[in-house]
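Trainee:
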Amino acid sequence: VCACVRESVCERERESVCECVREGVLFLSQSPEAACLSAEDISPSSNGPRDDDPDDLFAEATEEVSLDSPERQPILSDGPSPAITPVTPVMISPRVDDEDEEENRDTFDIQISVSDPEKVGDGMNAYMVYKVTTKTSLSIFSRDEVCVKRRFSDFLGLYSKLASKYMHMGYIVPPAPEKSIVGMTKVKVGKEDLSSVEFVEKRRSALERYLLRTVKHPALLKDPDVLQFLESSELPRAVSTQALSGAGILRMVNKAADAVNKMTIKMNESDAWFEEKQQQFENLDVQLRKLHASVESLVCHRKELSVNTASFAKSAAMLGNSEDHTALSRALSQLAEVEEKIDQLHQDQSYADFYLISELLGDYVRLITAVKGVFDQRMKAWAKWQDAQVMLQRKREAEAKLQYANKPDKLQQATDEIREWEGKVQQGERDFEQISKNIRREVGRFEKDRVKDFRVVIIKYLESLVHTQQQLIKYWEAFLPEAKAIA
Amino acid sequence: MEVSSAEAALSVSASSIRITDVTQDGDVLTFAIASQKLNSSAGVCVFRIYEDFDWLQQSLFSQENLPGLQGIIFPPLPSKALPSQSNTQTKALKQLGFLALGQDWQSYCKALEFYLQQVAAHPTLCKCKALDSFLINSESPGKQRGRKGIFNRLSQAVEEMRKESHKDVDNFFQNERNKNTNLAALSKVATEKLLDVVMTEQKLALACGHFATSLHLCVNQDDAAAVAFSKVCLKLSDVIEAVNRNFEKVASNDLSTLGLGLDLESRYQEAEKEMLFRRTCKLIELETVKKGTEKAKASKREVIERFHSSRVNVLKNFLIGWCELQLNTAKEFAELYSQHLEACRNMYSE
Numbered sequence: 001v002c003a004c005v006r007e008s009v010c011e012r013e014r015e016s017v018c019e020c021v022r023e024g025v026l027f028l029s030q031s032p033e034a035a036c037l038s039a040e041d042i043s044p045s046s047n048g049p050r051d052d053d054p055d056d057l058f059a060e061a062t063e064e065v066s067l068d069s070p071e072r073q074p075i076l077s078d079g080p081s082p083a084i085t086p087v088t089p090v091m092i093s094p095r096v097d098d099e100d101e102e103e104n105r106d107t108f109d110i111q112i113s114v115s116d117p118e119k120v121g122d123g124m125n126a127y128m129v130y131k132v133t134t135k136t137s138l139s140i141f142s143r144d145e146v147c148v149k150r151r152f153s154d155f156l157g158l159y160s161k162l163a164s165k166y167m168h169m170g171y172i173v174p175p176a177p178e179k180s181i182v183g184m185t186k187v188k189v190g191k192e193d194l195s196s197v198e199f200v201e202k203r204r205s206a207l208e209r210y211l212l213r214t215v216k217h218p219a220l221l222k223d224p225d226v227l228q229f230l231e232s233s234e235l236p237r238a239v240s241t242q243a244l245s246g247a248g249i250l251r252m253v254n255k256a257a258d259a260v261n262k263m264t265i266k267m268n269e270s271d272a273w274f275e276e277k278q279q280q281f282e283n284l285d286v287q288l289r290k291l292h293a294s295v296e297s298l299v300c301h302r303k304e305l306s307v308n309t310a311s312f313a314k315s316a317a318m319l320g321n322s323e324d325h326t327a328l329s330r331a332l333s334q335l336a337e338v339e340e341k342i343d344q345l346h347q348d349q350s351y352a353d354f355y356l357i358s359e360l361l362g363d364y365v366r367l368i369t370a371v372k373g374v375f376d377q378r379m380k381a382w383a384k385w386q387d388a389q390v391m392l393q394r395k396r397e398a399e400a401k402l403q404y405a406n407k408p409d410k411l412q413q414a415t416d417e418i419r420e421w422e423g424k425v426q427q428g429e430r431d432f433e434q435i436s437k438n439i440r441r442e443v444g445r446f447e448k449d450r451v452k453d454f455r456v457v458i459i460k461y462l463e464s465l466v467h468t469q470q471q472l473i474k475y476w477e478a479f480l481p482e483a484k485a486i487a
Numbered sequence: 001m002e003v004s005s006a007e008a009a010l011s012v013s014a015s016s017i018r019i020t021d022v023t024q025d026g027d028v029l030t031f032a033i034a035s036q037k038l039n040s041s042a043g044v045c046v047f048r049i050y051e052d053f054d055w056l057q058q059s060l061f062s063q064e065n066l067p068g069l070q071g072i073i074f075p076p077l078p079s080k081a082l083p084s085q086s087n088t089q090t091k092a093l094k095q096l097g098f099l100a101l102g103q104d105w106q107s108y109c110k111a112l113e114f115y116l117q118q119v120a121a122h123p124t125l126c127k128c129k130a131l132d133s134f135l136i137n138s139e140s141p142g143k144q145r146g147r148k149g150i151f152n153r154l155s156q157a158v159e160e161m162r163k164e165s166h167k168d169v170d171n172f173f174q175n176e177r178n179k180n181t182n183l184a185a186l187s188k189v190a191t192e193k194l195l196d197v198v199m200t201e202q203k204l205a206l207a208c209g210h211f212a213t214s215l216h217l218c219v220n221q222d223d224a225a226a227v228a229f230s231k232v233c234l235k236l237s238d239v240i241e242a243v244n245r246n247f248e249k250v251a252s253n254d255l256s257t258l259g260l261g262l263d264l265e266s267r268y269q270e271a272e273k274e275m276l277f278r279r280t281c282k283l284i285e286l287e288t289v290k291k292g293t294e295k296a297k298a299s300k301r302e303v304i305e306r307f308h309s310s311r312v313n314v315l316k317n318f319l320i321g322w323c324e325l326q327l328n329t330a331k332e333f334a335e336l337y338s339q340h341l342e343a344c345r346n347m348y349s350e
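Respectively, the protein sequence lines represent chains A and B. Under the UniProt record's numbering, the first residue of the first sequence carries the number 1, and numbering increases by one thereafter. Under the UniProt record's numbering, the first residue of the second sequence carries the number 1, and numbering increases by one thereafter.
#1: Which chain A residues sit within Cβ distance under 9 Å of B:I320?
#2: Using three-state DSSP, classify A:Y364 as helix, strand or coil.
#3: Would A:V299 and A:D363 be called neighbours here (beta carbons separated by less than 8 Å)?
#4: Return helix, strand or coil for A:E118, following the three-state DSSP convention.
#5: Roughly how many angstroms lie between the CA atoms of A:S205 and A:V114, to the nearest whole one?
#6: Can you pull the chain B residues whose beta carbon is under 7 Å from the beta carbon of A:E304, in chain order?
#7: Give the interface partners of B:E270 over in chain A, defined as CB-CB distance under 8 Å, in chain order.
#8: By a C-beta neighbour count over all protein chains shown, 10 Å radius and 16 as the cutoff for buried, is A:M184 buried or exposed?
#9: Report the residues of the segment 173-195 of chain B with a CB closer than 7 Å to any CB of chain A, ordered along the chain.
#10: Go to A:Y130, then tell me how far its beta strand (DSSP E) extends in each direction, as first and last residue.
#11: Can you check whether the C-beta of A:R72 is within less than 8 Å of a C-beta belonging to chain B?
#12: Please list, in chain order, the chain A residues whose beta carbon lies closer than 8 Å to that of B:D222.
#13: Since A:V295 is in the alpha helix (DSSP H), which residue starts that stretch and which ends it?
#14: By DSSP's criteria, A:C147 is part of a beta bridge. Which residues make up the other side?
#15: What does the alpha-carbon distance come out to for the pair B:L101 and B:L206?
#16: According to the Cβ coordinates, are B:A251 and B:V198 closer than 8 Å?
#17: Tell me, please, whether the CB atom of B:R48 is closer than 8 Å to any CB atom in chain A?
#18: Note down the Cα distance separating A:E433 from A:L212, rounded to an integer number of angstroms.
#19: Starting from A:A352, find everything on chain B with Cβ-Cβ shorter than 8 Å and list it in chain order.
#20: Select from A:L291, A:G444, A:V457 and A:E442 the residue whose C-alpha is nearest the C-alpha of B:S214.
#21: Any C-beta of chain A within less than 7 Å: which residues of the segment 333-347 of chain B qualify?
#22: Tell whether a beta-carbon distance below 8 Å holds between A:M128 and A:V200.
#23: Is A:D343 buried or exposed, if buried means 16 or more other CB atoms sit within 10 Å of its CB?
#24: Looking at the unbroken alpha helix (DSSP H) that takes in A:I459, where does it start and where does it end?
#25: On a Cα-Cα basis, can you pick out the residue from B:L131, B:K179 and B:K231 that is closest to B:M347?
#26: Which residues, taken in chain order from the segment 431-465 of chain A, show a beta carbon closer than 8 Å to some beta carbon of chain B?
#27: Ordered along the chain, which non-local residues of its own chain (more than five positions away) have a Cβ less than 8 Å from that of A:F274?
#28: Does DSSP put A:V173 in a helix, a strand or coil?
#29: Quick check: what's the CA-CA separation for A:V425 versus A:R396?
#30: What residue does the alpha helix (DSSP H) around A:D343 start on, and which one ends it?
#31: So B:A111 and B:L217 are supposed to be a Cβ contact under 8 Å. How far apart are they, rounded?
#32: State yes or no: is the beta carbon of A:L361 nearer than 8 Å to at least one beta carbon in chain B?
#33: Per the DSSP calculation, B:V32 is bridged to which residue(s)?
#34: Whole angstroms are fine: how far does the CA of B:G321 sit from the CA of B:S107?
#35: Can you give the beta carbon distance from B:L315 to A:S322, rounded, assuming they're within the 8 Å contact cut?
#36: Report the neighbours of A:Q470 on chain B: residues whose CB is nearer than 7 Å to its CB, in chain order.
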């Protein structure tokens, strides 16, 4: 079996490089497209990337896979395999930058908006449908502008598919917004009050951000599931996302098993970068959660301020109405109006606080969960590789025993099994190497995006602050003559 | 409220009265009161505690043989402040309202100062010897309570029920009573609501402070991306600090102007109510005796009119002051935020 994945497809001997490789699907190339093809479980009918981009691949190839290379020999050594030489970031990052620049130039001309939430159906079977509009000039899309209707479970379904395809390869797949049984129930029951309106708006915004993050990822943008989600008018119902269904329980069980595994896998980390990065992400997680809590309290207080200001405005109005002195009465009524306007400003500002900062922090807390997940996948890949090595060792021992026992037919079987397991070991090693490389690149991209996102938000937030102040100035300047006119 | 300097028994200028300092010793607050002598450039400074103010107020009430005393709307004295440790802010707020806020008793001192100025500027009350001795004598006026005068709160409460419903013979005064009741209630409510607003503004300032601090904790130098991220966090922290200061400023503006003004307004409405109540009591008395009330009526109408015009003036000044302060604050912070915005845009476009 050759360096690429599909045992079923490739029947050439192990020594040579197979057709797949020659066509440009170099295993260790850094382009995401190639990495996609190398996924283990892509069945022939799968929807892996269809496009070939030979330019990218060859330009970026670092190592050619050769099974004869001397590095591969000491596969049964106890220590970490020398094949997994720590690739210093210095070597990788310039290339990643170039690649990103190229991709940014070509691929990032896409706008997605989620709008017009509509309630469909009645009672507990009701659901919200959102309009998803995509405007783009990219060639992978069939039209410049396309509009489709999607419901929440469709988004969850998309995430579920992307996660199962890409996460084990080390890709950071942006998580979809979370379910909220309480929030949705209120909407279903038909309460038209402020909290359910806010809930729908919060969800709409979260869905929009989710899609934008997903397409920002160069590999996910080209994924057929994503394209189908954005373009096709009919989407098969995502069954496995139904609340607390079997699949949901399965996922919970998986998570639990993973947690247990994490504790028992003691990985020989040969690459300090991964250890450092994991620690950094742990720290970042803690910090972001604290920040998030701080901002939530800010949002809460600002809402309270708005309520109190409105209440004060009312009492000032009543005072103005009861006042005999005409000019004072008018001034008090004006005061009430100014306070009402200020109340509106407070509300708007609190939306800015919330949607700009609080939701951003929340998104990043969830993203970091995805990042941690990806590091876990790497550990799983390592464990799988180690297990394969152990198995191979056993098979070799078994074969050695059979040689003495002189049972030719069993011997043949043992030899076959050894070949099988040798292949798996090599596979495991390559997978591990691949996921490590992918993670490095993904983390680099994540860090850059993080800085960019926060910068954008801080500017937007400042703009909102400036706007609020300028409105305040207008209101006070209008009120001053009224106050001075009190005879 | 003009000062008729020709007849003034007061030897200091009313507008120069200031409370320049306040010290706290356990439970007791001592106020330093400074004023300017009228016929020389010398200044006088005395030290008084709350009980002294109370003595002054009682003395004003109990002046004998002063015509029209009953018709005077006495400038309201703020309640006693209880600065002891066990007094939590909520208790203080209930007791003093706005005056409990502000640092180091600033608002409270301002209210006391205003009280003294009002008394000194009142054409009748400024002649009271007690005021002069209060402002000038280095010794405190003594702890004697003196006669309660026409105010005995306990009995008043009992009588109030009975007399409140007694209608006035004069429409002008009846209307005045109704309006006063109405206004008193409304201004109390407005004061409370503004207090809520100011408390929330202070809470917001605190929350901003916490947020800014948390942002500082996100700084680390692990690698280039972390450094860039840390810079963004620090920038945001600065911005949030600015928002914090903004709220503190806005709250203190509210406090020092409109808050004080509304509080004063409330207390003045109470004072007017008390005066009208006294009139009602008198009326009831007089009705049984049927003496001529014409003289009393006439003078009191002026009093009421004067009261209203000065009240309106006071409120006007507070409103103008409030508006100007808030306007300045808004301009200041608009400028600051714009600067931050410019800096960010320049920093990130590189």
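Where a beta carbon is used, it is the ideal one built from N, C-alpha and C, also for glycine.
Mentor: So, to answer that:
#1: Residues of chain A passing the Cβ test: L480, A483, K484 and I486.
#2: It is helical.
#3: The Cβ-Cβ distance between A:V299 and A:D363 does not fall below 8 Å.
#4: Residue state, collapsed to three classes: strand.
#5: So the two alpha carbons sit approximately 7 Å from each other.
#6: Ordered by position in chain B, the residues that pass the 7 Å Cβ test against A:E304 are T200.
#7: Those do not exist, as B:E270 stays about 15 Å from chain A at its closest Cβ, beyond 8 Å.
#8: Result: buried.
#9: Answer set for the segment 173-195 of chain B: K179, N182, L183, L186, S187, V189, A190, K193 and L194.
#10: Per DSSP, A:Y130 belongs to the beta strand (DSSP E) from Y127 to T136.
#11: Reliability of the predicted coordinates at A:R72 is poor, the pLDDT of 29 falling under 50, and the value obtained from them is presented with this limitation in mind. Chain B contact via Cβ: absent.
#12: Neighbours of B:D222 in chain A, taken as residues at a C-beta separation under 8 Å, are given in chain order as E276 and Q280.
#13: Its alpha helix (DSSP H) spans residues A272 to S322.
#14: Residue pairing by DSSP puts A:C147 in a beta bridge opposite A:T133.
#15: B:L101 and B:L206 have their C-alpha atoms roughly 15 Å apart.
#16: Yes.
#17: Not flagged as an interface residue toward chain A: B:R48, since no C-beta distance is shorter than 8 Å.
#18: Cα to Cα, the separation comes out at about 30 Å.
#19: Neighbours of A:A352 on chain B: none; closest Cβ ~11 Å, over 8 Å.
#20: Minimum Cα distance to B:S214 is reached at A:L291.
#21: Of all residues in the segment 333-347 of chain B, only F333, A334, Y337, S338, H340, L341, C344 and R345 place a beta-carbon less than 7 Å from a beta-carbon of chain A.
#22: Result yes, Cβ atoms of A:M128 and A:V200 sit closer than 8 Å.
#23: Around the beta carbon of A:D343, 16 or more other beta carbons sit within 10 angstroms, so the residue counts as buried.
#24: Segment P408 to K484, the alpha helix (DSSP H) holding A:I459.
#25: Nearest neighbour of B:M347 by Cα position, chosen from B:L131, B:K179 and B:K231, turns out to be B:K231.
#26: So the list reads G444, E447, K448, R450, V451, F454, R455, I458, I459, Y461, L462, E463 and L465, given in the order they occur along the chain.
#27: Counting only Cβ-Cβ distances below 8 Å, and skipping sequence neighbours, we find F375, R378, S436 and I439.
#28: Of the three classes helix, strand and coil, the one that applies to A:V173 here is coil, per DSSP.
#29: Each residue's Cα considered, the two are about 13 Å apart.
#30: Element bounds for A:D343: T326 to A352.
#31: No, B:A111 and B:L217 are not in contact; Cβ-Cβ is about 42 Å, not under 8 Å.
#32: No, no contact with chain B.
#33: Note that residue 32 of chain B is Ala in the sequence shown, not Val. In the DSSP output, where bridge partners are listed per residue, B:A32 has B:D21 and B:F47.
#34: The straight-line gap from Cα to Cα measures roughly 15 Å.
#35: Their Cβ separation, rounded to whole angstroms, is 14 Å, which puts B:L315 and A:S322 out of contact at 8 Å.
#36: What A:Q470 touches in chain B: A334.
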